[in-house]
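Below is one structure, written out as structure tokens; comments come after it.
Chains as they are written, first to last, in my numbering: chain A, 2 to 103; chain B, 77 to 564.
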């Protein structure tokens with residue numbers, strides 16, 4: 002069980018779930034969460050490769066940086082979504098329309 | 077080079093960081109007359125950064141901070157271009173009516189941060205550095221697009237930009253993690269080394285290259301991403317659209333060129349054959365320029381036309397990267413610089429004419445406010461340069477691109493034919509803008525808001541457009557000599 006392929010399989014499943022979520026979800030927050038899934042699948046990849054593959058810590062450092070940047074992205078993303086909610090009173094991205102009233 | 081020694085070459089970036097961090101407290105201290113304090117201060121920041129850049133101009137390459145950042149001729153050329161473009165964009169945004177009534181201190185802060193991100197991006201030599209700088213650039217752009225908090229179109233553009241930019245960066249980091257797994261290193265040059273030595277399946281590498289191109293694609297607005305980027309360009313306020321169509325795109329192409337040159341090509345800048353890179357890029361280039369041009373024909377307002385036109389130009393720039401080699405890259409860089417100059421020029425005129433014009437139907441001629449024949453002549457010169465007619469620099473750029481396609485070992489005659497057809501389409505919709513300006517008199521007399529600064533900027537932008545159309549050899553040779561990449 003504790004092999005590189007298990008981790009790669011988990012990360013591939015997470016990646017596909019994330020992409021699926023981005024394509025079918027219409028709620029802005031859920032899309033944001035799906036994108037976070039893709040990012041964590043990449044992090045799993047990086048850490049697993051660093052642990053099982055080449056003997057360098059580069060991958061784990063990359064994963065740490067990626068986590069911090071993901072948080073920054075999520076903060077900005079939620080701020081933008083909140084602002085959209087204040088303007089349109091909805092965060093369903095299909096219902097965003099310039100002509101729509103408050 | 078170790079950390080202490082590298083600081084000397086990192087001073088342009090440091091001065092950008094310090095200026096951007098000081099601007100927020102400064103604008104809080106001087107609450108009255110904020111503009112009188114901040115504008116000279118920011119100008120000083122630009123001048124300081126460019127002084128450090130020129131003082132430490134170095135013909136040999138260095139790897140800064142343990143080879144994370146490359147300080148070579150290529151990165152210095154691009155840093156200088158980005159600095160000048162952003163300075164012009166900063167000056168023209170001061171005159172914008174859309175940004176007039178809101179507090180602009182954060183706006184300048186984020187302009188500086190995205191300039192910092194693009195500085196790091198053009199000089200990054202490591203996958204980690206590429207990811208961090210792309211994120212710095214795109215997070216700043218996310219906020220800039222949604223800067224008008226109460227404006228509905230700005231809000232919609234911000235959401236679209238948010239999801240497309242987050243998705244592309246998520247997929248980019250997934251691709252980068254796979255590259256790391258295959259090669260065991262993050263350094264660009266070492267990745268190329270281990271890819272050429274190992275016995276990894278070529279098909280899987282091609283798939284990974286496609287994933288990474290997907291990640292860069294949103295910055296470069298190549299074909300599957302044009303849908304998202306045009307909506308963002310149309311929705312954002314005009315000074316920010318001008319910023320988005322030039323600075324992130326220049327930085328994105330710079331990093332694409334660096335990745336291709338250090339990882340996927342040999343010393344003569346010949347792309348390695350077995351990953352089908354050349355074929356992928358030719359198809360993308362042809363699709364990008366054709367789709368961008370065809371969609372631009374139907375656009376009714378000037379921002380829409382410029383948004384699609386910018387995508388078509390991305391296709392032209394990609395054309396030179398498909399052939400690669402010294403000729404191809406330098407033709408692409410020449411074209412990229414000339415495209416940015418002309419685009420900044422066109423947007424200067426658009427920002428200075430009234431706000432309604434930017435969103436107005438082109439046929440709705442009452443609204444057009446080109447009172448002075450000066451601006452009509454200037455915008456015509458830029459549009460002629462974008463179309464690629466002599467005697468402007470755009471013609472030279474297109475000429476070198478087509479020449480590079482025919483000169484190389486593999487000849488891309490079909491791509492040249494597609495490119496020429498696209499030039500004709502491009503001429504049609506660029507001429508529509510000039511036509512609507514020349515033939516339709518405006519009836520309303522709205523006060524012309526041209527000031528001296530934007531006139532000077534326009535003249536400064538017209539000079540290279542004409543000059544390099546007549547005598548282009550010095551610039552072209554300079555670009556050719558700049559193709560020097562630091563490889564540890």
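Note that beta-carbon positions come from the ideal geometry of N, C-alpha and C, so glycine has one too.
Residue 278(B): which of 171(B), 348(B), 249(B) sits nearest, CA to CA? Here residue 278(B) is taken as the residue at index 202 of the second chain, counted from 1. Here the closest residue by C-alpha is 348(B).
Would you give the residue range spanned by the beta strand (DSSP E) that residue 140(B) belongs to? Within the second chain, residue 140(B) is the residue found at index 64, counting from 1. Taken as a continuous stretch (DSSP letters only), the beta strand (DSSP E) holding residue 140(B) covers 138-140.
Return the bridge partner residues of residue 76(B) from the DSSP annotation. As shown, chain B starts at 77 and ends at 564. That puts residue 76(B) outside it, with no answer to give.
Would you verify that the beta carbon of residue 139(B) is, or is not, closer than 8 Å to some beta carbon of chain A? In the second chain, residue 139(B) corresponds to position 63, counting from 1. By this cut-off, residue 139(B) is not an interface position.
Minimum Cβ-Cβ distance from residue 95(A) to chain B less than 8 Å: Translated into the one-based positions of the first chain, residue 95(A) becomes position 94. Not closer than 8 Å to any Cβ of chain B, the Cβ of residue 95(A) fails to qualify, so no.
What does the alpha-carbon distance come out to for the pair residue 165(B) and residue 171(B)? Translated into the one-based positions of the second chain, residue 165(B) becomes position 89. Translated into the one-based positions of the second chain, residue 171(B) becomes position 95. Those two C-alpha atoms are separated by around 10 Å.
Just how far apart, CA to CA, sit residue 267(B) and residue 275(B)? Residue 267(B) sits at position 191 when you count from the first residue of the second chain. Residue 275(B) sits at position 199 when you count from the first residue of the second chain. Straight-line Cα distance between these residues: approximately 14 Å.
So what does residue 347(B) bridge to, in DSSP terms? Along the second chain, one-based indexing puts residue 347(B) at 271. The partner list for residue 347(B) (beta bridge, DSSP) reads 341(B).
Quick check on residue 261(B) - is its C-beta less than 8 Å from some C-beta in chain A? Position 185 of the second chain, counted from the first residue, corresponds to residue 261(B). Yes, contact with chain A.
Beta carbon of residue 415(B), beta carbon of residue 462(B): below 8 Å? Against the second chain, residue 415(B) aligns to sequence position 339. Against the second chain, residue 462(B) aligns to sequence position 386. In this structure, residue 462(B) lies closer than 8 Å to residue 415(B) by Cβ.
Are the C-beta atoms of residue 14(A) and some chain B residue less than 8 Å apart? Residue mapping note: residue 14(A) aligns to position 13 of the first chain, counting from 1. Output row for residue 14(A): interface = no.
Suppose you measure from the CA of residue 295(B) to the CA of residue 111(B); what does that come to, to the nearest Å? Within the second chain, numbered from 1, the residue matching residue 295(B) stands at position 219. Within the second chain, numbered from 1, the residue matching residue 111(B) stands at position 35. If I take the Cα positions, the gap works out to 31 Å.
Going straight from the alpha carbon of residue 409(B) to that of residue 227(B), what length do you get? For this step, residue 409(B) is matched to residue 333 along the second chain. For this step, residue 227(B) is matched to residue 151 along the second chain. Taking the straight line from one Cα to the other gives about 36 Å.
Contact the region 246-266 of chain B vs the region 298-313 of chain B: 3+ CB pairs below 8 Å: Fewer than three beta-carbon pairs drawn from the region 246-266 of chain B and the region 298-313 of chain B are found closer than 8 Å, and the two stretches are therefore not classed as touching.
Can you pull the chain B neighbours of residue 3(A), defined as C-beta to C-beta under 7 Å? Here residue 3(A) refers to the residue found at position 2 of the first chain. By Cβ distance, chain B contributes nothing, its closest Cβ being about 17 Å from residue 3(A), past 7 Å.
Taking the alpha-carbon of residue 38(A) as reference, which of 13(A), 62(A), 83(A), 78(A) has the nearest alpha-carbon? Residue mapping note: residue 38(A) aligns to position 37 of the first chain, counting from 1. Nearest of 13(A), 62(A), 83(A), 78(A) to residue 38(A), Cα basis: 13(A).
Could you tell me whether the Cβ atoms of residue 314(B) and residue 161(B) are closer together than 8 Å? The residue you call residue 314(B) lines up with position 238 of the second chain. The residue you call residue 161(B) lines up with position 85 of the second chain. Against a cut-off of 8 Å, the Cβ pair of residue 161(B) and residue 314(B) comes out as no contact.
Give every residue of the same chain whose Cβ lies closer than 7 Å to the Cβ of residue 420(B), excluding the five residues on either side of it in the sequence, and list them in chain order. Translated into positions along the second chain, residue 420(B) becomes position 344. Cβ neighbours of residue 420(B) beyond the five flanking positions: 161, 164, 165, 318, 322, 537.
Assigned exposure category for residue 211(B) - 16 Cβ within 10 Å defines buried: One-based indexing of the second chain puts residue 211(B) at position 135. Residue 211(B) should be labelled buried.
Candidates 139(B), 107(B), 428(B), 94(B), of which the one nearest residue 79(B) by Cα: Here residue 79(B) refers to the residue found at position 3 of the second chain. The option with the nearest alpha carbon to residue 79(B) is 139(B).
Residue 36(A) CB to nearest chain B CB: under 8 Å? Within the first chain, numbered from 1, the residue matching residue 36(A) stands at position 35. Judged by the 8 Å Cβ criterion, residue 36(A) is in contact with chain B.
Sequence-distant residues of the same chain with beta carbon closer than 7 Å to residue 412(B), five excluded per side: One-based indexing of the second chain puts residue 412(B) at position 336. These residues qualify, in order along the chain: 326, 329, 393.
Three-state secondary structure assigned by DSSP to residue 377(B): In the second chain, residue 377(B) corresponds to position 301, counting from 1. DSSP places residue 377(B) in strand when its eight states are reduced to three.
Output yes if chain C places a C-beta closer than 8 Å to the C-beta of residue 74(A); else output no. Annotation note: the requested chain C is absent from the structure, which comprises protein chains A and B.
When 464(B), 94(B), 422(B) are compared against residue 453(B), the one with the closest alpha-carbon: Position 377 of the second chain, counted from the first residue, corresponds to residue 453(B). The shortest C-alpha separation from residue 453(B) is found at 422(B).
Residue 28(A) touches chain B at which residues, Cβ-Cβ below 9 Å? The residue labelled residue 28(A) in the question sits at position 27 within the first chain. The contacting residues do not exist; residue 28(A) stays about 12 Å from chain B at best.
Could you check whether the Cβ of residue 250(B) sits closer than 8 Å to any Cβ belonging to chain A? Within the second chain, residue 250(B) is the residue found at index 174, counting from 1. At least one beta carbon of chain A lies nearer than 8 Å to the beta carbon of residue 250(B).
Please report how far the alpha carbon of residue 78(A) lies from the alpha carbon of residue 188(B), in whole angstroms. The residue given as residue 78(A) occupies position 77 in the first chain. The residue given as residue 188(B) occupies position 112 in the second chain. Using only the alpha carbons, I get a separation of about 20 Å.
Counting Cβ pairs, one atom from each stretch, are 3 or more of them under 8 Å apart for the region 125-136 of chain B and the region 538-547 of chain B? no
Rounding to the nearest angstrom, what Cα-Cα distance links residue 152(B) and residue 354(B) in this structure? For the purposes of this step, residue 152(B) is taken as residue 76 along the second chain, with counting starting at 1. For the purposes of this step, residue 354(B) is taken as residue 278 along the second chain, with counting starting at 1. Residue 152(B) and residue 354(B): Cα-Cα distance of roughly 27 Å.
As a quick exercise: from 219(B), 91(B), 198(B), 281(B), pick the residue whose alpha carbon is nearest that of residue 316(B). Within the second chain, residue 316(B) is the residue found at index 240, counting from 1. Ranking the options by Cα distance to residue 316(B), first place goes to 219(B).
Would you tell me roughly how many angstroms separate the C-alpha atoms of residue 548(B) and residue 250(B), rounded to the nearest one? Indexing the second chain from 1 puts residue 548(B) at position 472. Indexing the second chain from 1 puts residue 250(B) at position 174. The straight-line gap from Cα to Cα measures roughly 42 Å.
Quick one: is residue 293(B) near chain A, going by C-beta distance under 8 Å? The residue labelled residue 293(B) in the question sits at position 217 within the second chain. Not one chain A Cβ lies under 8 Å of residue 293(B).
Going by C-alpha distance, which of 387(B), 202(B), 217(B), 196(B) is nearest residue 186(B)? In the second chain, the residue the question calls residue 186(B) occupies position 110. When only C-alpha atoms are compared, the closest one is 217(B).
Buried or exposed for residue 343(B), please, with buried defined as at least 16 other CB atoms from any protein chain shown within 10 angstroms of its CB. As a working note, residue 343(B) is residue 267 in the second chain. Residue 343(B) should be labelled exposed.
I need the straight-line Cα distance from residue 435(B) to residue 508(B), nearest angstrom please. Taking the first residue of the second chain as 1, we reach residue 435(B) at position 359. Taking the first residue of the second chain as 1, we reach residue 508(B) at position 432. At residue 435(B), the pLDDT of 49 sits below 50, so the modelled position is not reliable and the matter cannot be decided from this model.
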